[in-house]
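**Q**
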Amino acid sequence: MSESKSLGRKLLNIFFEDAPASPNPSPEQPVSVEPKPAAQTVSGSPDHKFIEHFATVLEKNNLPGADYFEFRATLKNLSNLGLQEEQQFQAAWASFRALNKDINPSLLTSTANQYLTTLQSDREAFLRSVDLAVQEKVGGLQNEQKSLQQENENLTRQIVEIQNKIASNKERLVKIAGEVDEQSGKLQQNRANYEATFLQFTQEINKDIQKIGQYLK
Numbered sequence: 000m001s002e003s004k005s006l007g008r009k010l011l012n013i014f015f016e017d018a019p020a021s022p023n024p025s026p027e028q029p030v031s032v033e034p035k036p037a038a039q040t041v042s043g044s045p046d047h048k049f050i051e052h053f054a055t056v057l058e059k060n061n062l063p064g065a066d067y068f069e070f071r072a073t074l075k076n077l078s079n080l081g082l083q084e085e086q087q088f089q090a091a092w093a094s095f096r097a098l099n100k101d102i103n104p105s106l107l108t109s110t111a112n113q114y115l116t117t118l119q120s121d122r123e124a125f126l127r128s129v130d131l132a133v134q135e136k137v138g139g140l141q142n143e144q145k146s147l148q149q150e151n152e153n154l155t156r157q158i159v160e161i162q163n164k165i166a167s168n169k170e171r172l173v174k175i176a177g178e179v180d181e182q183s184g185k186l187q188q189n190r191a192n193y194e195a196t197f198l199q200f201t202q203e204i205n206k207d208i209q210k211i212g213q214y215l216k
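Residue numbering for the sequence shown follows numbering that gives the first Met the number 0, beginning at 0 and increasing consecutively.
Below is the structure:
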């Protein structure tokens, strides 16, 4: 394909009816906090940024001279004539061949396959970058998720242990209150018995002292 200032735009136009303009950004939507499955099957659709990307890739890897892309452009120019597919291809080939007499169909298929190889290589590089991004971003979030879940499980166990300890302490406090009353009662009774016994002894001794003084002169 020959070089031109609008090669990228031409590449877009021969694959799409009208090269799409950059879409206006849509208003931000509230982010859902509901958990989603880690692996999702998502159906895609042609995206403007990737359309531009592939056009740039093909432009950078454009082969010199007339090739598949010129034929594709000729084919696209005949798409509105209402021809059957076979007639459209044959008419495009006749028109293209008239301007490029040294070209044959095998050159079209070989250059088309080269462009397919170029796109496939780009796809493989892109998928590697996606996998790396998944490992770095999604993997990091999943690790944080696991860490928080483990932390919550540990905290839950600690809460249960604390609740059990509180219940055990309350039960012990009830028993201690009874033991305090029991021990206090025993000690008070022991003291009272001591005092009574002390009084008995001292009274008997005092009586004897009094009688000694009275009877033994």
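We put the CB at the ideal spot given by N, CA and C, even for glycine.
1) Three or more C-beta pairs closer than 8 Å, one from the stretch 61-71 and one from the stretch 125-136: is that the case here?
2) Inspect the beta-carbon positions of residue 74 and residue 91 and report whether they are closer than 8 Å.
3) Is it right to say residue 282 is buried, meaning 16 or more other beta carbons lie within 10 angstroms of its own, or is it exposed?
4) Taking the straight line between their C-alpha atoms, what separation do you get for residue 72 and residue 137?
5) I believe residue 87 touches residue 78 by the beta-carbon criterion, under 8 Å. Please report the beta-carbon distance rounded to the nearest angstrom.
6) Quick check: residue 56 and residue 110, are their CB atoms within less than 8 Å of each other?
7) Return yes when the Cβ of residue 119 is within less than 8 Å of the Cβ of residue 62, no when it is not.
8) For residue 173, does the three-state DSSP call read helix, strand or coil?
9) What are the boundary residues of the alpha helix (DSSP H) that residue 42 is part of?
10) Given a threshold of 16 other Cβ atoms within 10 Å of its Cβ, counted over all protein chains shown, does residue 204 qualify as buried or as exposed?
11) My output table needs one value for residue 65: the three-state DSSP class, helix, strand or coil.
**A** Concretely, from the data shown:
1) Contact check between the stretch 61-71 and the stretch 125-136: fewer than three CB pairs, one atom from each, fall below 8 Å, which does not count as touching.
2) The sequence position of residue 74 within the sequence shown is 75, counting from 1. The sequence position of residue 91 within the sequence shown is 92, counting from 1. Judged by beta-carbon spacing, residue 91 lies within the 8 Å limit of residue 74, meaning their Cβ atoms are closer than that value.
3) Missing from the structure shown is residue 282; the chain here goes from 0 to 216 and no further.
4) The residue labelled residue 72 in the question sits at position 73 within the sequence shown. The residue labelled residue 137 in the question sits at position 138 within the sequence shown. Residue 72 and residue 137 have their C-alpha atoms roughly 42 Å apart.
5) Start at 1 with the first residue of the sequence shown, and residue 87 comes out as number 88. Start at 1 with the first residue of the sequence shown, and residue 78 comes out as number 79. So it is a contact: roughly 7 Å between Cβ atoms.
6) In the sequence shown, the residue the question calls residue 56 occupies position 57. In the sequence shown, the residue the question calls residue 110 occupies position 111. Contact flag unset, no.
7) Stepping through the sequence shown from its first residue, residue 62 is reached at position 63. Stepping through the sequence shown from its first residue, residue 119 is reached at position 120. Going by C-beta atoms, residue 62 is not nearer than 8 Å to residue 119.
8) Position 174 of the sequence shown holds residue 173. Assigned with DSSP and collapsed to three states, residue 173 falls in helix.
9) Taking the first residue of the sequence shown as position 1, residue 42 is located at position 43. First-last for residue 42: undefined, no H or E at that position.
10) For the purposes of this step, residue 204 is identified with residue 205 of the sequence shown, where counting begins at 1. Flag for residue 204 reads exposed.
11) By one-based count along the sequence shown, residue 65 stands at place 66. Here residue 65 sits in coil by DSSP.
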